[in-house]
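Read the structure below first, then the notes.
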Amino acid sequence: MTLFSSLVAFAITLALLWPLRQLALRFGILDDPGPRKIHKDPVPYLGGLAMLGGLSTAVLWLRPEWWTVVVMLASITAIGLGEARRRSHGRMRCSGPRFLMAPE
Numbered sequence: 111m112t113l114f115s116s117l118v119a120f121a122i123t124l125a126l127l128w129p130l131r132q133l134a135l136r137f138g139i140l141d142d143p144g145p146r147k148i149h150k151d152p153v154p155y156l157g158g159l160a161m162l163g164g165l166s167t168a169v170l171w172l173r174p175e176w177w178t179v180v181v182m183l184a185s186i187t188a189i190g191l192g193e194a195r196r197r198s199h200g201r202m203r204c205s206g207p208r209f210l211m212a213p214e
């Protein structure tokens, strides 16, 4: 069951990659090249969203009671996409997910 759900998650991730890449290119959600980066052309950001789709499917299929984990992952992904969309360039990176962490 675990192997099959992993294959399903992988297939869903692959199926989402191309449409999300086109969406990122259309709306300019790209990581631009820079002096500290190894790519020479802009790279679409939305691959993580495809991974979220595949992982969420596998988690909800195997453990439906873990829906809160999927909500947390979706929240962190949304914050990251918002920061990428605003092109914060590291000024406020990772500041959003801090409020989602449980206090010690």
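According to my numbering, the sequence shown holds residues 111 to 214 in order. Glycine included, every Cβ here is placed at the ideal spot set by N, Cα and C.
- The C-beta of isoleucine 148 has fewer than 16 other C-beta atoms within 10 Å across all chains shown, which makes the residue exposed.
- The beta carbon of leucine 130 lies closer than 6 Å to those of Leu156, Leu159 and Ala160 in the same chain, with the five residues before and after it left out.
- Using a Cβ distance threshold of 8 Å, leucine 140 and alanine 134 count as a contacting pair.
- From the listed residues Pro143, Trp171, Pro152 and Lys150, the smallest Cα separation to valine 118 is found for Trp171.
- Every unbroken stretch of the alpha helix (DSSP H) spanning 4 or more residues and falling wholly within the segment 137-197 is given here in chain order: 157-172 and 177-195.
- In this structure, alanine 168 places its C-beta atom within 8 Å of the C-beta atom of serine 116.
- Residue burial is scored here from C-beta neighbours: glutamate 193 has at least 16 other C-beta atoms within 10 angstroms and is therefore classed as buried.
- By the beta-carbon neighbour count (other beta carbons within 10 angstroms, threshold 16), leucine 162 is buried.
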